[in-house]
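Below is one structure, written out as structure tokens; the observations come after it.
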Amino acid sequence: MSARLLEVRDLRTHFFNRGTVAKAVDGVSFHVDAGEMLALVGESGCGKSVTAYSLLRLIADPPGKIVGGEILFEGHDLMKLSDDEMRRLRGDRIAMIFQDPMSSLNPVFTIGAQIAESVLVHRGGTKAAALSRAVELLDLVGIPDSRRRIDEYPHRLSGGMRQRAVIAMALACEPKLLIADEPTTALDVTIQAQVLALISELKQRLGMGVIMITHDLGVVAQHAQRVAVMYAGKIVEQAAVADLFSRPLHPYTKGLLASIPRQGASGGRLNEIPGMVPSLLAMPRGCSFAPRCPKAVDRCTHHVPSLADISPLHPVSCFVAQQEAKL
Amino acid sequence: MRPLLSVTELKVHFPVRHGLVRAVDNVSLEVGSAETVGLVGESGCGKTTLGKAILRLVKPTAGSIRLAGTEIADMSRALLRPLRREMQMIFQDPQASLNPRQTVASIIEEPMIVHNIGTRTERREKVAWLMAKVGMRPDASGRYPHEFSGGQRQRIGIARALALNPKLIVCDEPVSALDVSVRAQVINLLEDLKREFELSYLFISHDLSVVEHVSDRIAVMYLGRIVETAEGSSLWKRPLHPYTQALISAVPVPDPTAVSRRVVLQGDLPSPLNPPTGCRFHTRCPYATELCRQSEPQLRRVDAAHQMACHYLPDERHTN
Amino acid sequence: MQGLKEFLRRFVRNWPAVGGFALLMIVLVMALAAPALYPGSPWDLVAQPFLWPGADAQFRLGSDMMGRDLGAGLFHGARVSLLIGFVATLVAVLAGIAIGALAGYYGGWVDDVLMRLTEMFQTIPPFIFAIVLVAIFQPTVATIVLAIGAVSWPAVARLVRGEVMALRNREFVQACIAIGMNDARIIFRHILPNTLAPVIVTGSLMVATAILTEAGLAFLGLGDPNVMSWGTIIGAGRDVLRTAWYVTAIPGVAILLTVLGINLVGEGLNDALNPRLRQK
Numbered sequence: 001m002s003a004r005l006l007e008v009r010d011l012r013t014h015f016f017n018r019g020t021v022a023k024a025v026d027g028v029s030f031h032v033d034a035g036e037m038l039a040l041v042g043e044s045g046c047g048k049s050v051t052a053y054s055l056l057r058l059i060a061d062p063p064g065k066i067v068g069g070e071i072l073f074e075g076h077d078l079m080k081l082s083d084d085e086m087r088r089l090r091g092d093r094i095a096m097i098f099q100d101p102m103s104s105l106n107p108v109f110t111i112g113a114q115i116a117e118s119v120l121v122h123r124g125g126t127k128a129a130a131l132s133r134a135v136e137l138l139d140l141v142g143i144p145d146s147r148r149r150i151d152e153y154p155h156r157l158s159g160g161m162r163q164r165a166v167i168a169m170a171l172a173c174e175p176k177l178l179i180a181d182e183p184t185t186a187l188d189v190t191i192q193a194q195v196l197a198l199i200s201e202l203k204q205r206l207g208m209g210v211i212m213i214t215h216d217l218g219v220v221a222q223h224a225q226r227v228a229v230m231y232a233g234k235i236v237e238q239a240a241v242a243d244l245f246s247r248p249l250h251p252y253t254k255g256l257l258a259s260i261p262r263q264g265a266s267g268g269r270l271n272e273i274p275g276m277v278p279s280l281l282a283m284p285r286g287c288s289f290a291p292r293c294p295k296a297v298d299r300c301t302h303h304v305p306s307l308a309d310i311s312p313l314h315p316v317s318c319f320v321a322q323q324e325a326k327l
Numbered sequence: 001m002r003p004l005l006s007v008t009e010l011k012v013h014f015p016v017r018h019g020l021v022r023a024v025d026n027v028s029l030e031v032g033s034a035e036t037v038g039l040v041g042e043s044g045c046g047k048t049t050l051g052k053a054i055l056r057l058v059k060p061t062a063g064s065i066r067l068a069g070t071e072i073a074d075m076s077r078a079l080l081r082p083l084r085r086e087m088q089m090i091f092q093d094p095q096a097s098l099n100p101r102q103t104v105a106s107i108i109e110e111p112m113i114v115h116n117i118g119t120r121t122e123r124r125e126k127v128a129w130l131m132a133k134v135g136m137r138p139d140a141s142g143r144y145p146h147e148f149s150g151g152q153r154q155r156i157g158i159a160r161a162l163a164l165n166p167k168l169i170v171c172d173e174p175v176s177a178l179d180v181s182v183r184a185q186v187i188n189l190l191e192d193l194k195r196e197f198e199l200s201y202l203f204i205s206h207d208l209s210v211v212e213h214v215s216d217r218i219a220v221m222y223l224g225r226i227v228e229t230a231e232g233s234s235l236w237k238r239p240l241h242p243y244t245q246a247l248i249s250a251v252p253v254p255d256p257t258a259v260s261r262r263v264v265l266q267g268d269l270p271s272p273l274n275p276p277t278g279c280r281f282h283t284r285c286p287y288a289t290e291l292c293r294q295s296e297p298q299l300r301r302v303d304a305a306h307q308m309a310c311h312y313l314p315d316e317r318h319t320n
Numbered sequence: 001m002q003g004l005k006e007f008l009r010r011f012v013r014n015w016p017a018v019g020g021f022a023l024l025m026i027v028l029v030m031a032l033a034a035p036a037l038y039p040g041s042p043w044d045l046v047a048q049p050f051l052w053p054g055a056d057a058q059f060r061l062g063s064d065m066m067g068r069d070l071g072a073g074l075f076h077g078a079r080v081s082l083l084i085g086f087v088a089t090l091v092a093v094l095a096g097i098a099i100g101a102l103a104g105y106y107g108g109w110v111d112d113v114l115m116r117l118t119e120m121f122q123t124i125p126p127f128i129f130a131i132v133l134v135a136i137f138q139p140t141v142a143t144i145v146l147a148i149g150a151v152s153w154p155a156v157a158r159l160v161r162g163e164v165m166a167l168r169n170r171e172f173v174q175a176c177i178a179i180g181m182n183d184a185r186i187i188f189r190h191i192l193p194n195t196l197a198p199v200i201v202t203g204s205l206m207v208a209t210a211i212l213t214e215a216g217l218a219f220l221g222l223g224d225p226n227v228m229s230w231g232t233i234i235g236a237g238r239d240v241l242r243t244a245w246y247v248t249a250i251p252g253v254a255i256l257l258t259v260l261g262i263n264l265v266g267e268g269l270n271d272a273l274n275p276r277l278r279q280k
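Protein chains in written order, with this note's numbering: chain G, 1 to 327; chain S, 1 to 320; chain B, 1 to 280.
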């Protein structure tokens, strides 16, 4: 088996502000193989985006700081690279796309110029060559009439087309790893379907590893191969997608799955997870989900569970689930 | 029986520099007593404008809006004011729809002050009662909106909407800004309140699965027109309009074993400034014919509870 | 209440603002203490002319060419400067809020008419406009206040209009309309309180400008002849600048420190009311 494309071990990113510490990412470990899509799911504030930004070392310091862990990309620890080496890696071997396509495009440059720029920065060559590469990339992401479109400014494109242009830019240097932070949240369903289909297809065709950050379990089910569920800065469950949906183990995952309305089953009450996500500044002692958990026992409020394999390749961090599995 | 709300051939047009945006164009819709009607569509289809026009937050260009039999489309703002007790709105962004400088109690009390309801003590009692109804702790009353999470803020907005005992509530994407686990809490709350107070909802959302869950009837909008209306479950099981079919199949199903019958629509939503001639959907429709390019289909009844605006029934269509 | 506490906490941590506030308080104390310390009129010829500061223990700040006590002029002048500065600003802010709120809330032709009017006022250089107004209406404290107010409101009107227009489209204003509120209640209870922060900041800086304008008018001999202002003293001292520069310098420094104090307070208010800007 080939080496892991990306292996993250015990990543910790904390934010320091006026003497308080917010442990936004607190001991997260996962891996991504080539040609595979890993979904990081969770609700707002669970640390999924901070995790992604940490991988590229894009955390603003201060107030944030990666205080521990290893990020092994093709066997090399990104934490040990110099800022300059890291800069060369970004946009070249590892690319990222963001939720709002408009904010990742510069409004005063044409689409073509922006894509060509990222080619020139990492690959060099002539401007003409870079522009013809830009045309190729626009074709690749399915923007019709690419030769004319490279001369257009971002505001002239629709939301879906803009996100395609952003993806084209990210793919300019054929990255090995693509990090997509809620890439379709700002888009309409029919456009979301187009963009997700495109990312899946490109992943297949180019053999990229993809980290898909999303809050939408539907997107996970339809596009990812493996999934890590995050809650309050920690991964609480990790599994192959089919396994997670058919046999969720963590009470939070179970609650989430039960709280989404199902098609063709109208009416009836939805399952609620009572309460709300705890503030990162006032984390409960013990398991951070315990105050909302229907199954919490005494131990949960005193000790922090760790992620442990219950069945092969399906680790979960819950005392109750681990106990049940042993029986 | 007379419906609570009856909208007939409503038009809302906005003049812009280079023409006219037909945000809502000839829409007819009814909401019965204690009924939830869902309104789905993608951004720019006019669903929010329709909701706001019904509450007269934007001015209708033409057409009729009857609330419990009273025509309100062209009523003056002053005459309309007392009628606003009957119809209220819940907004998408609970942060933006609450005045950041008011306390929770004052936000919920204000509608009653405006309409001269009760004495100060009675109003305060009603505020406490409403807060309990929407599941907020009494000690929250003196705090400000920014001190709450999104879900809690939406509860404040719901309590404010209920303060006047309305019959109709227009819910404009009420759960879209909320996290999945909180979304379920708010949806359940809205359903409980509907049952308890016999409310009618016009529930506007882009999220088909949420709309399907809460609605008795669903209307699908595309570029300012309603293209299909049906009972909730039958729309989902048997969508008739090609746009509805595509919309439903585009929703990612949270079930990895679901067979993908995806109809991926090509292209983008055309601009409502310059909608296509004929059927507005023909530029993206896989079955479009010459007839579709030339003549605009009207909403027609297919069976007792199902109407759609397409020239062809599903078995009459052929992929191009 | 909590907002006020937070605001005070931020303001107090900003030491230039606290320094400015201290300066302003000194001037205020001077103004309040003037009748007690110098019960007579500052116009009275009480001393020998051209007493240098420190030369006579009774008139520590010296006297001018007519033998008027500069100390009395300085303390009484503080009254005039602060009074005119604050009242004129109040007039300008109230007029600006009224016009800006109407224009911003109603838009359309109301906006067009009011904004053209505002622009008309803005095209005339404010100081010259103030001179003309005072010259026409005879210089009294009231006309000076109105003249300074008349030349300063357009800035407030434009600011308030912009804020109101932005707030007008916010959802909470839509919610107010949906509840059935009338326009007056929406404007006064819901929109204007949310525009207060920038108006306070602009207003505080306008006080400094108003004080300078008043001094300028008095310097040119357009001050109220019945009151002694700092500008009047400077104007009088102009002729003897070479031989007795202290006559000009003492009120000059007073104006400098007052304006500096107000500006520091204004900046401090700006930082404390806009915490997000400060982090940048």
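Beta carbons: idealized from backbone N, C-alpha and C, even for Gly. Every value quoted in this text rests on a predicted model; they were computed, and no experiment measured them.
- Are G/Glu-272 and S/Gln-185 close, meaning C-beta to C-beta below 8 Å? In this structure, G/Glu-272 lies near S/Gln-185, with their beta-carbon atoms less than 8 Å apart.
- Taking DSSP as the reference, what is the three-state secondary structure of G/Gly-47? coil
- Helix, strand or coil: how does DSSP classify S/Pro-145 here? helix
- Message: Report the CB separation of G/Ile-143 from G/Ala-165 in whole angstroms; it is logged as a contact under 8 Å.
- Response: With a Cβ gap of about 7 Å, G/Ile-143 and G/Ala-165 count as contacting.
- Message: With a threshold of 8 Å between beta carbons, is G/Ser-259 in contact with chain S?
- Response: yes
- Mark B/Leu-192 as exposed unless 16 or more other C-beta atoms lie within 10 angstroms of its C-beta, in which case mark it buried. buried
- Message: Let's test the definition: count the other Cβ atoms within 10 Å of the Cβ of S/Phe-281 and tell me whether it reaches 16, buried, or not, exposed.
- Response: buried
- Contacting residues, own chain, Cβ-Cβ under 7 Å from S/Asp-25 (five flanking each side not counted): Lys-11, Gly-224, Arg-225
- Does the beta carbon of S/Lys-59 come closer than 8 Å to any beta carbon on chain G? no
- Query: Listed in chain order, which residues of the stretch 207–220 of chain S have Cβ atoms closer than 8 Å to some Cβ of chain B?
  - Reply: none
- Bridge partners of S/Ser-6, per DSSP? Answer by DSSP bridge pairing, in chain order: S/Glu-30, S/Arg-66.
- Message: Is it buried or exposed, G/Ile-150, if we count other Cβ atoms within 10 angstroms and call 16 or more buried?
- Response: buried
- CB contact below 8 Å: G/Ala-193 versus chain S: yes
- Message: Based on DSSP bridge pairs, tell me the residues matched to G/Met-37.
- Response: G/Val-210
- Task: To the nearest angstrom, report how far apart G/Leu-257 and S/Pro-252 are at their CA atoms.
- Result: 14 Å
- Item | 6 Å Cβ shell around B/Gln-279 - same chain, five flanking residues per side excluded | Annotation note: pLDDT 39 at B/Gln-279 (below 50); position unreliable, coordinate value reported separately. So the list is empty, once near-sequence residues are dropped.
- Query: Excluding the five sequence neighbours on either side, which residues of its own chain have a C-beta within less than 7 Å of the C-beta of G/Val-220, listed in chain order?
  - Reply: Listed in chain order, the non-local C-beta contacts of G/Val-220 below 7 Å within the same chain comprise Ala-39, Val-41, Thr-214, Val-227, Val-241, local neighbours out to five positions each way being set aside.
- Kindly indicate which three-state DSSP category S/His-306 falls into: helix, strand or coil? strand
- Which residues share a DSSP beta bridge with G/Tyr-331? As shown, chain G starts at 1 and ends at 327. That puts residue 331 of chain G outside it, with no answer to give.
- Message: Output needed in chain order: residues of the stretch 168–183 of chain B with a Cβ under 9 Å from some Cβ in chain S.
- Response: Arg-170, Glu-171, Phe-172, Val-173, Gln-174, Ala-175, Cys-176, Ile-177, Ala-178, Ile-179, Gly-180, Met-181, Asn-182, Asp-183
- Query: Taking a cut of 7 Å between CB atoms, which residues from the stretch 271–300 of chain S lie near chain B?
  - Reply: Within the stretch 271–300 of chain S, no residue has a Cβ lying closer than 7 Å to any Cβ of chain B.
- Task: Can you give me the start and stop residues for the alpha helix (DSSP H) that G/Glu-136 sits inside?
- Result: 127–140
- Does at least one heavy atom of the ligand NAP sit under 7 Å from the Cβ of G/Asn-271? No copy of the ligand NAP occurs in the structure displayed, which carries no ligand at all.
- Task: Keeping to the same chain, check which residues put their C-beta closer than 8 Å to that of S/Val-302; ignore five residues upstream and five downstream.
- Result: Leu-240, Met-308, Leu-313
- Item | Terminal residues of the alpha helix (DSSP H) in which S/Gln-298 lies | Note, S/Gln-298: premise wrong, no alpha helix (DSSP H); not H, not E.
- Message: Across the stretch 103–112 of chain S and the stretch 147–165 of chain S, are there enough close Cβ pairs to call them in contact, namely three or more that are closer than 8 Å?
- Response: yes
- Query: Of the residues G/Val-195, G/Arg-123, G/Thr-190, G/Asp-83, which one's Cα is nearest the Cα of G/Phe-98?
  - Reply: It is G/Val-195 whose Cα lies nearest to the Cα of G/Phe-98.
- Query: How close, in whole Å, do the beta carbons of S/Ser-96 and B/Glu-171 come, if the pair is a contact with beta carbons under 8 Å?
  - Reply: In the sequence as displayed, the identity of residue 96 of chain S is Ala instead of Ser. That belief holds up - the Cβ atoms of S/Ala-96 and B/Glu-171 are roughly 4 Å apart, short of 8 Å.
- Item | Cβ shell of B/Met-165 (< 6 Å), same chain only, five flanking positions each side left out | Gly-104
- Partners in chain B for S/His-13, counting only beta-carbon separations shorter than 8 Å: The contacting residues do not exist; S/His-13 stays about 17 Å from chain B at best.
- Query: Taking Cβ positions only, does S/Asp-179 come closer than 8 Å to chain G?
  - Reply: yes
- Per DSSP, what kind of secondary structure is S/Asn-188 in: helix, strand or coil? helix
- Message: Once the 5 residues before and after G/His-303 are set aside, which same chain residues still bring their CB inside 6 Å of it?
- Response: Gly-286
- Item | From B/Met-66, B/Ala-130, B/Thr-232, residue whose alpha carbon lies closest to that of B/Leu-51 | Comparing Cα positions, the closest option is B/Met-66.
- Task: Mind listing the chain D neighbours of S/Glu-42? Cutoff is C-beta to C-beta under 7 Å, in chain order.
- Result: Reference to chain D is not applicable here, since the protein chains of this structure are G, S and B.
- Got a sec: is the Cβ-Cβ distance from S/His-311 to anything in chain B below 8 Å? no
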